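One structure is given below, encoded as structure tokens.
Numbering (the working numbering), first residue to last: 18 to 283.
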């Protein structure tokens, strides 16, 4: 398949002299085919990250964390160094990298099962210490890679492979609101929740991620952007319906907005 694609690309004529290129693949993304499931919004979030990095001209300083989960192969797609991390331990690895190389811009790209479940202690203490790292937290309300189990962020009544009758909050508790919780910690400089289900949400997502990187570059503290996404495969929805569900249902439970910004606070 890749050979056929390359042959097709070779046949496409290059822009003639006088033509202006108005859009192209970000330099921070590799020229490779995405392998995420149909309807998954990881690809759009990757684009937001890459465009922010290109605009800030920090690609050569970037080091990313690829923990266990759907993001485990992120290093295939980004054109900068990544480190594979044990499940939930990306903030600890990111801490070590940043302390060893303070000039690096460190990205921890994590899902809700990785960050909010097995990695809950890691993210809380990294945030509390004010580690100079940026976390992009993908909240799709379910375990994506491992079979669609109930996650800490699964909605009340949500049917998953381990909650076939729906999430019972009397047993499992209510969904964890990560950015609200972390925003109470003194080490956090910036915490925002956005969404990737529509163009407006993606514009805000890119803006938030860029600001998070800028705050890291200024040494202001821990920064996190939580992005609401859909998991069409495990929620058994079409890509269109999955995106609509994020906008109609997830947004009711997880309010989008800025929860902490130390610059805005004075």
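Ideal Cβ positions, reconstructed from N, Cα and C, are used throughout, including at glycine.
Remember, predicted model here, so these are calculated numbers, not experimental data.
From this set, 162, 192, 160, which residue's C-alpha is nearest residue 173's C-alpha? 192
Closer than 7 Å by C-beta to residue 170: which residues in its own chain qualify, once you throw out the five before and the five after it? Chain order, please. 129, 133, 156, 158, 192, 193
Closest residue to residue 81 among 91, 168, 74 (Cα-Cα distance): 91
Give, in chain order, every unbroken run of the alpha helix (DSSP H) that is at least 4 residues long and sits entirely within the stretch 177-208. 186-189, 195-199
To which residues does DSSP link residue 227 through a beta bridge? DSSP, once it has assigned bridges, lists no residue as partnering residue 227.
Taking 8 Å as the cut-off, decide whether the C-beta atoms of residue 268 and residue 245 are in contact. yes
What residues in its chain sit with their C-beta under 6 Å from that of residue 66, if we drop five residues either side in the sequence? 226
Exposed or buried, which one is residue 210 when buried takes at least 16 other CB atoms within 10 Å? buried
Tell me residue 153's beta-bridge partners as DSSP assigns them. 126, 242
Would you mind sorting residue 106 into buried or exposed? The rule is 16 or more other CB atoms within 10 Å of its CB. buried
Counting C-beta neighbours from all protein chains within 10 Å, is the total for residue 262 16 or more, i.e. buried, or is it exposed? buried
Shortest alpha-carbon distance to residue 124 belongs to which of 117, 255, 233? 233
On the DSSP bridge assignment, give the partners of residue 82 in chain order. 100, 125
Can you tell me whether residue 172 is helix, strand or coil according to DSSP? coil
Using beta-carbon positions only, say whether residue 45 and residue 71 come within less than 8 Å of one another. yes
Between the stretch 175-189 and the stretch 207-222, are three or more C-beta pairs nearer than 8 Å? no
Spatial neighbours of residue 165 in its chain, beta-carbon cut-off 6 Å, leaving aside the 5 residues before and after: 159, 177, 178, 251
By a C-beta neighbour count over all protein chains shown, 10 Å radius and 16 as the cutoff for buried, is residue 55 buried or exposed? exposed
Going by the CB atoms, is the gap between residue 276 and residue 203 shorter than 8 Å? no
Using DSSP with H/G/I as helix, E/B as strand and the rest coil, what is residue 263? helix
Quick check on residue 90: does DSSP put it in helix, strand or coil? helix
Using only the alpha-carbon positions, how far apart do residue 127 and residue 103 sit? 12 Å
Express the C-alpha separation of residue 207 and residue 69 in angstroms, rounding to a whole number. 16 Å
Endpoints, alpha helix (DSSP H) assigned at residue 277: Not the alpha helix (DSSP H): residue 277 falls in the beta strand (DSSP E), residues 274-278.
In angstroms with no decimal places, state the Cα-to-Cα distance between residue 85 and residue 36. 44 Å
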